[in-house]
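Trainee: Numbering (the working numbering), first residue to last: 91 to 477.
This is the structure:
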């Protein structure tokens, strides 16, 4: 058997396994509707924000516009912004006549050993627990999220009906630009491949994941795992939090959001490249062996099939079969983002972009620089976050 034929067999076999044995990660189904609770719990949203003046107003407005029947308040932590983020948040609340429901506080100076976002979030949780000690749920979210009016109501209902300790939503990311259309659906597709949502929900599985833009968690569970301090230096904080909850026998779920969207825009490839590169090598546990395996797997499973399908000779038929399976698997995500179906054929090219960003992530780590959050670079040699 030639190398081309072998590559085709490997690619086709890999997709046969992915489609049938990987928790149906490629299927997109609506989240189940839960029974409306008799009593709605008190919820407090905690939002860390650093230089978010251009988006924070819309975020505050969307939070205060929730059709949630229970008590709902917002704690915004201004992490030493230089653009008037705090003022923009207060103004949005004032214009709605709901200033009493929004607390704006300033984060203390960042200590060693913490990432910037985690430190700001930790302070926000502490303020929320002190100000609202009777709150039953905490909504940990980002400053660039526009919350759908019914999202909180649905998510709380499901948490109570299913006895969950944590529920996360992967918000719908922007696909306005051509680059966003090409890269963003694949980002979510690869995430679901790494963390099949069905496995995350299965208490018998060790797979745990969350999406940091929208995490609803019980304060008792957060305290049980040691609070935000337990993940103080995590670059992939959402999945680290989910793993901690599951390790403490908590029940969790993750779904694609129905209404809630990110207002973060990526006009060109640079921002998307940074989004992937920031945490890709951390995802591989900084392992050269896993990096090598990832490179080989990406080339064989995503890049080789169309190349083989378009050649004459060995591997053409199996390459075409693998490419067809890949397209079928990717199409539901393309449809979720309401894009033209032909985008599903472009996954092999898009995977090269991801492969390049992953290699860049490893290179940055080897140079002594990790991920960053709002201008703070996480030191990869144990010295904590630094500007």
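Glycine residues also receive a C-beta, built at the ideal position from the N, C-alpha and C atoms.
Below 6 Å CB to CB, which residues in the same chain sit around residue 412 once its five sequence neighbours on both sides are set aside?
Mentor: Same-chain partners within the cutoff: 101, 102, 105, 395.
Trainee: State the Cα-Cα distance for the pair residue 325 and residue 198, rounded to the nearest angstrom.
Mentor: Whole-angstrom Cα-Cα distance: 20 Å.
Trainee: What does the alpha-carbon distance come out to for the pair residue 114 and residue 286?
Mentor: Taking the straight line joining both Cα atoms gives about 7 Å.
Trainee: Within 10 angstroms of the Cβ of residue 116, are there 16 or more other Cβ atoms? Answer buried if so, exposed if not.
Mentor: When all chains shown are included, residue 116 counts as buried.
Trainee: Mapping the DSSP letters down to three states, classify residue 324 as helix, strand or coil.
Mentor: DSSP places residue 324 in coil when its eight states are reduced to three.
Trainee: What's the gap between the Cα of residue 549 and the Cα of residue 247?
Mentor: No answer is possible for residue 549: it lies beyond the span of the chain, which begins at 91 and ends at 477.
Trainee: Pick out whichever of 168, 384, 189, 445 has its Cα sitting closest to the Cα of residue 155.
Mentor: The residue with the shortest Cα to Cα distance from residue 155 is 189.
Trainee: Taking the C-alpha atoms as reference points, what is the distance between residue 382 and residue 438?
Mentor: When rounded, the distance between both Cα atoms is 18 Å.
Trainee: Go through its chain and collect everything with a Cβ distance to residue 420's Cβ below 8 Å, but skip five positions before and after it.
Mentor: So the qualifying residues of the chain are 116, 275, 276, 279, 434, 437.
Trainee: Quick one: give me the first and last residue of the alpha helix (DSSP H) that residue 406 is part of.
Mentor: Taken as a continuous stretch (DSSP letters only), the alpha helix (DSSP H) holding residue 406 covers 406-426.
Trainee: How would you write the range of the alpha helix (DSSP H) that residue 153 sits in, first residue to last?
Mentor: It spans 143-154 - the alpha helix (DSSP H) in which residue 153 sits, taken as one unbroken run.
Trainee: Any heavy atom of the ligand NAD closer than 8 Å to the CB of residue 173?
Mentor: For the structure depicted, the ligand NAD is absent and the ligand set is empty, with no information on it obtainable.
Trainee: Would you mind listing the alpha helix (DSSP H) stretches within the stretch 324-397 that are 4+ residues and don't spill past its ends, in chain order?
Mentor: Taking only runs of at least 4 residues, the alpha helix (DSSP H) segments lying wholly in the stretch 324-397 are 327-337, 359-373, 378-388.
Trainee: Would you say residue 203 and residue 256 are within 9 Å of each other, going by their C-beta atoms?
Mentor: No. Outside cutoff.
Trainee: If residue 132 sits next to residue 161, beta carbons under 8 Å apart, how far is it from one beta carbon to the other, in whole angstroms?
Mentor: Contact holds; Cβ gap of about 4 Å.
Trainee: Determine the contact status of residue 342 and residue 263, defining contact as a CB-CB distance below 9 Å.
Mentor: Going by C-beta atoms, residue 342 is not nearer than 9 Å to residue 263.
Trainee: With DSSP as the reference, identify every bridge partner of residue 438, one or two as the case may be.
Mentor: Answer is none; residue 438 lacks a bridge partner.
Trainee: Compute the distance between the beta-carbons of residue 217 and residue 230, then report whether it is under 9 Å.
Mentor: No; because the gap between Cβ atoms is not below 9 Å, this pair is not in contact.
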